[in-house]
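Report on the following structure.
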Amino acid sequence: MQIKVFRERTAKDAMDKVRSELGPDAVILHTRKYTTGGIFGYGGKKMVEVTAAVEDGAQTKILPPINNTVKKDKAQPSAVNKTGAQGEPTIRPIVPRQILENYKTTGLSSSQKSKPVDANFLTEEPLGQPPKVIKNTDEMTMQVSNEKKQQRKIRQLEQELAQMKVVLNSVIGTKTDENIAVKRKTIALKEALQAQEVNAEIIKEIVAGQDPELLTDKDMPYVRKVLLDYLEKHMPSSSGIEIVKGKPKIVALIGATGVGKTTTLAKIASRFVLEQRLRAVLITADTYRISAVDQLKTYSDIIGLPLEIVYTPGELKKVINRHKDKQLILIDTAGRSQHNDYQLLELQDLLKVNDSIEKHLVLSATTKYKDIIDIIRKFSLCAPDKVIFTKTDETSSIGVVLNLLKEYPMALSYFTNGQSVPDDIFPAQPNNLADLLLR
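Quick note: the sequence shown uses the numbering used here, first residue 1, plus one each step.
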């Protein structure tokens, strides 16, 4: 038996192809409509798939398409109704067992079975002349033998059709499982980002750009890779603080009060001094809080670094010039309210003393997104170069970072996630942000 699958744009085209390639003896096993191409079922084109079979050795003469002008008042026991709901031919699968029963009843001979079907085969016609009267025993024996052969062929055909049914059901079931998996994994990605309060437009963009080849992976690896691909394309590259040979690297931390500037400065100093053995100095301009000076003095003693205290822009300029032999100069500034224009102008004057100062705006991940936007706009007066996000361990939604990068594509330098010095700090790289979003 020969089995073949035909895919065309319309049901009529599919049936014409069946008749053309398999001939009039073809049996329709299964039909379905599906959509190919597009994204998530949108923008694709609709197709019709017909699975047909024909007995080996059956007639395969190429036939022209059936004339569509069949009389309406005649019975039409075929696999094609004239028109469907949309004006296209509607395919109605022929039940294999019904074909077999008809085959048994009519008792067609092989010559009758291979007779070509004309264009008007849908009209009712007499089944033929009455059977001849059996005249002798030999003729009866021959007829019985032929009937047994036909029964064996019928049983064989039934077995083959049953096997085909199993195969087709398996294929259809696999496709259904794949569709469910796609939906489940897509929802898993959406839910993970929604839980982190990522903007809906960003979520839509991430999901729309996913790679279908990743659908075979487990849920979390799949979700993480899709998110990581997005971050690598849209997250400005940054390597934290880069040391330049031949001249000191000057870094100042600026930001609102209570965001963790002093602790973050100590973490950065510890990393570079204890791990890379750099020559460094700490400078504090936060003379508004005695506790801030004492805190930084404690850190400088533990790390083994000199600490300088400055009160004016002129003093800061002198201290920087005095430590030109150092590889890293770290400056701690007093917290400034974004609503206090005078304090912001004062900070701007302090940072103007040296054009080489790299300014890192420190933001707390616990701050409301609306307030973060306000802080960035007001501190733009000081022209920050990079952003540090602190206290990522104190919030259950880190989506504020991704939302900020979409609206203000600023380079990130570090994330901090605790009070431990020097451990709780790590580079603001795409893989680390992906881990925070999917924790």
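Every residue gets a Cβ at the ideal spot worked out from N, C-alpha and C, and that includes glycine.
Quick caveat, the model's predicted, so the values are computed rather than measured.
| Query | Result |
| --- | --- |
| Cβ pair V54, D16 closer than 7 Å | no |
| Residue from S337, I283, L253 whose Cα sits closest to the Cα of K321 | Contrary to the premise, residue 321 reads as Asn rather than Lys in this sequence. Nearest C-alpha to N321: I283. |
| Whole alpha helix (DSSP H) elements within the stretch 233-285, 4-residue minimum | 261-270 |
| CB of V310 within 7 Å of CB of A285, strictly | yes |
| Where the alpha helix (DSSP H) containing D435 begins and where it ends | 430-437 |
| Where R152 falls: helix, strand or coil (DSSP) | helix |
| Where the beta strand (DSSP E) through E49 begins and ends | 45-54 |
| Cβ neighbours of E308 in the same chain (closer than 6 Å, five flanking residues each side left out) | I283, V319 |
| Distance CB(K352)-CB(D385) smaller than 7 Å | no |
| Contact the stretch 260-280 vs the stretch 422-430: 3+ CB pairs below 8 Å | yes |
| CB contact flag (A280, L305, <7 Å) | yes |
| CB of M47 within 7 Å of CB of R7, strictly | yes |
| Proximity of P409 and P248 at Cβ, strictly below 7 Å | no |
| Given K391 as reference, the closest of Y288, S364, T263, I28 once Cα atoms are compared | S364 |
| Beta-carbon contacts of L100 that lie in its chain and below 7 Å, excluding the five residues immediately before and after | Only weak support is given to the placement of L100: the predicted model assigns it a pLDDT of 46, under 50, and the value that follows is read from those uncertain coordinates. The answer, listed in chain order, is I154, L157, E158. |
| CB contact flag (D332, L278, <7 Å) | no |
| Distance, K326 Cα to K245 Cα | 11 Å |
| Outcome for K12 when other beta-carbon atoms lying within 10 angstroms are tallied against a minimum of 16 | buried |
| Among V387, K368, L168, the one whose alpha carbon lies nearest that of E394 | K368 |
| Sub-7 Å separation of L345 and R336 beta-carbons | no |
| DSSP three-state assignment for V27, whether helix, strand or coil | strand |
| For T35, the nearest candidate out of G255, E407, R9 (CA to CA) | R9 |
| Other residues of its chain near G44: CB distance less than 7 Å, five sequence neighbours each side excluded | T35, T36, G37, G38 |
| Beta carbon of A192 nearer than 7 Å to that of L436 | no |
| Where T9 sits in the DSSP three-state scheme | The sequence given here has Arg at residue 9, not Thr. Residue state, collapsed to three classes: coil. |
| Candidates K233, L404, I398: closest to D374 by CA position | L404 |
| Own chain partners of Y288 with C-beta closer than 6 Å, once the 5 adjacent residues on each side are dropped | A334 |
| Whole-angstrom distance between G418 and G258, CA atom to CA atom | 14 Å |
| Span separating the alpha-carbon of Q163 from that of R32 | 19 Å |
| Close beta carbons around F426, own chain, < 6 Å, minus the five adjacent residues each side | F415, N432 |
| Alpha-carbon spacing of R152 relative to V166, whole angstroms | 22 Å |
| For I388, the nearest candidate out of T263, Q276, M1 (CA to CA) | T263 |
| Backbone secondary structure at T392 - three-state DSSP | helix |
| Own chain partners of I303 with C-beta closer than 8 Å, once the 5 adjacent residues on each side are dropped | A266, A269, S270, V273, L274 |
| Where I243 falls, given that 16 or more other Cβ within 10 Å makes a residue buried | exposed |
| For R345, three-class secondary structure by DSSP | Residue identity differs from the one stated: residue 345 is Leu in this sequence, not Arg. Three-state result, L345: helix. |
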